[in-house]
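Taken in order, the sequence shown gives residues 149 to 467; the numbers are from this note's numbering.
Backbone N, C-alpha and C fix where the C-beta goes; we use that ideal spot for every residue, glycine too.
Structure record follows, encoded as structure tokens.
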Amino acid sequence: MLRIRYIQLKRSFAGLPLLYWVIILGLIAYVFYGLFIKMNNYSFSLAVTLITPIAILSLHFLRRDYRFLNILSTQTYKIYFQEYFCLISPILILLSLNQHWLLVIILLSALVLMITVLNFIPFQTLWRPISFFTFPLLLHFIPPFLFEWRSGFRRSGIQVLVIYSLALGLSFLPFASLFLLALLTFVMSGFYTDGESLSILNAGLLSPKEFLQKKIFVHCKYTSIGLLPVLLVYFVQHPADWYFIPIAWCVYMVNIVYFITLKYALYRPDKKLVAETVWTAILFVSTLIPFLFPMPFLIAHRNYSLAKINLKSYLDDRA
């Protein structure tokens, strides 16, 4: 079963640009080192030890492959143990490096006990997992005029929620939450890759300038509302670094403006955005290299002008 999971994971990351790999590996190394330092504190390590089985149990309830596992093997508990042991192995390594041997034993014992109990529960008949990947409850709270977000969450909502959860959970690490929110806005670039139909575009009867200004304001407003809880938690954890928060917020807003102006600079009705990956990569590099910070501003300003010109063919230009 682990081999199947490896193949699935490999397929999911196939074709990922080298820059993304560097970002992901660098973030993993930073988080691992930060947790290693933090877990010198026994109380923090104890909290992690108690939370980990709860997280695994929640993950188990979200599984959708119970029927497949029962067909694959009559001893599903072995599969569960292999998979969940791999998931908690980084925590076990960190506990071992900090010589919290008792907590290692407690975590392993909790895992064995949990799997033993779960093995006697017929999930395939008594439990119907939540349709997690459709996010019906979350989509209900997204306004209809944010149709890009609705379609984006259907495609990559799991990535958004994972990154958002990590940003909250790792707020105790300096800059980790701020970086993860930046990564989240890059994931959101996929929300703006499809051109809507002309009927949706003209629904507001706005000129190109009015349309772009309203679009940018609304999306920046709701993005700010969505990111605010993480920023507040980060401020509570690191009040001395308060001045980094407005700087980071400006970066996030520039990213959103960048993607919106790019979309309408290249807009064609009911067509997918061309060359979106290249422009997103440029934004990635500009964010990582300090002296390139002005580039997203300049590109967004250029695309704003191009978007107004392009939209004249599709909107009533009354401006």
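Item checked: Contacting residues, own chain, Cβ-Cβ under 6 angstroms from Ser372 (five flanking each side not counted) -> Stepping through the sequence shown from its first residue, residue 372 is reached at position 224. Excluding sequence neighbours, Ser372 sits near nothing in its chain.
Check: How is Lys419 classed by DSSP in three states: helix, strand or coil?
Finding: In the sequence shown, the residue the question calls residue 419 occupies position 271. If DSSP states are grouped into helix, strand and coil, Lys419 belongs with coil.
Margin query: Three or more C-beta pairs under 8 angstroms: does that hold for the region 360-369 against the region 310-325?
Written below: no
Margin query: Given a cut-off of 8 angstroms on the beta-carbon distance, is the pair Val399 and Ala330 in contact?
Written below: One-based indexing of the sequence shown puts residue 399 at position 251. One-based indexing of the sequence shown puts residue 330 at position 182. Against a cut-off of 8 angstroms, the Cβ pair of Ala330 and Val399 comes out as a contact.
Checklist line | Selected residue, minimal CA-CA separation from Pro417, among Ser337, Ile306, Ser461, Leu243 | finding: Locating residue 417 in the sequence shown gives position 269, counting from the first residue. Answer by Cα proximity: Ser461.
Item checked: Pairwise C-alpha distance: Ile239 and Leu183 -> On the sequence shown, residue 183 is found 35 positions in, with the first residue counted as 1. On the sequence shown, residue 239 is found 91 positions in, with the first residue counted as 1. Rounded to the nearest angstrom, the two C-alpha atoms are 9 angstroms apart.
Checklist line | Pair within 8 angstroms by beta-carbon distance, Pro356 and Leu255 | finding: One-based indexing of the sequence shown puts residue 356 at position 208. One-based indexing of the sequence shown puts residue 255 at position 107. No, these two residues do not count as a Cβ contact at 8 angstroms.
Note to self: Tell me whether the region 372-387 and the region 405-416 touch, counting them as touching only if at least three CB pairs, one residue from each stretch, are closer than 8 angstroms.
What the structure shows: no
Checklist line | First through last residue of the alpha helix (DSSP H) which encompasses Tyr312 | finding: For this step, residue 312 is matched to residue 164 along the sequence shown. Per DSSP, Tyr312 belongs to the alpha helix (DSSP H) from 295-317.
Next item on the list: Figure out for me which residue from Phe233, Leu251, Phe229, Ala258 has the closest Cα to the Cα of Tyr189.
Entry: Within the sequence shown, the letter at position 41 stands for residue 189. For clarity, residue 189 is Asn in the given sequence; the question names Tyr instead. Closest by alpha carbon: Leu251.
Note to self: Only counting the same chain, and skipping five residues up and downstream in sequence, which positions put a Cβ closer than 8 angstroms to that of Leu294?
What the structure shows: As a working note, residue 294 is residue 146 in the sequence shown. Counting only Cβ-Cβ distances below 8 angstroms, and skipping sequence neighbours, we find Val366, His367, Tyr370.
Checklist line | Beta-bridge partners of Asp389, as assigned by DSSP | finding: Translated into the one-based positions of the sequence shown, residue 389 becomes position 241. The partner list for Asp389 (beta bridge, DSSP) is empty, contrary to what the question assumes.
Check: In whole angstroms, what separates the C-alpha of Gly343 from that of Val179?
Finding: Translated into the one-based positions of the sequence shown, residue 343 becomes position 195. Translated into the one-based positions of the sequence shown, residue 179 becomes position 31. Looking at the backbone, the Cα of Gly343 and that of Val179 are separated by about 37 angstroms.
Next item on the list: Classify Lys456 as buried or exposed, calling it buried when 16 or more other Cβ atoms lie within 10 Å of its own Cβ.
Entry: Sequence index remark: in the sequence shown, residue 456 carries index 308 (1-based). With 16 or more other Cβ atoms within 10 Å, it is buried.
Note to self: Would Ser193 and Leu243 be called neighbours here (beta carbons separated by less than 8 angstroms)?
What the structure shows: Taking the first residue of the sequence shown as position 1, residue 193 is located at position 45. Taking the first residue of the sequence shown as position 1, residue 243 is located at position 95. Yes, the Cβ-Cβ distance between Ser193 and Leu243 is below 8 angstroms.
Next item on the list: Check whether the Cβ atoms of Tyr340 and Glu296 lie closer than 8 angstroms to each other.
Entry: Translated into the one-based positions of the sequence shown, residue 340 becomes position 192. Translated into the one-based positions of the sequence shown, residue 296 becomes position 148. Yes, Cβ-Cβ distance for Tyr340 and Glu296 is below 8 angstroms.
Check: Between the C-alpha atoms of Lys419 and Ser337, what's the straight-line distance to the nearest angstrom?
Finding: Start at 1 with the first residue of the sequence shown, and residue 419 comes out as number 271. Start at 1 with the first residue of the sequence shown, and residue 337 comes out as number 189. Each residue's alpha carbon lies about 16 angstroms from the other.
Item checked: Residue environment, Ser257, which counts as buried when at least 16 other CB atoms sit within 10 Å -> Residue numbering aside, residue 257 sits at position 109 when the sequence shown is read from its first letter. So Ser257 counts as exposed.
Note to self: Let's test the definition: count the other Cβ atoms within 10 Å of the Cβ of Ser313 and tell me whether it reaches 16, buried, or not, exposed.
What the structure shows: Your numbering for residue 313 matches position 165 in the sequence shown. Its Cβ having fewer than 16 others within 10 Å, Ser313 is exposed.
Notebook entry, point to check: Rounded to a whole number of angstroms, what is the C-alpha to C-alpha distance between Phe383 and Thr333?
Noted result: Along the sequence shown, one-based indexing puts residue 383 at 235. Along the sequence shown, one-based indexing puts residue 333 at 185. Cα to Cα, Phe383 sits roughly 20 angstroms from Thr333.
Item checked: Residue range of the alpha helix (DSSP H) that includes Asn246 -> Here residue 246 refers to the residue found at position 98 of the sequence shown. Note, Asn246: premise wrong, no alpha helix (DSSP H); not H, not E.
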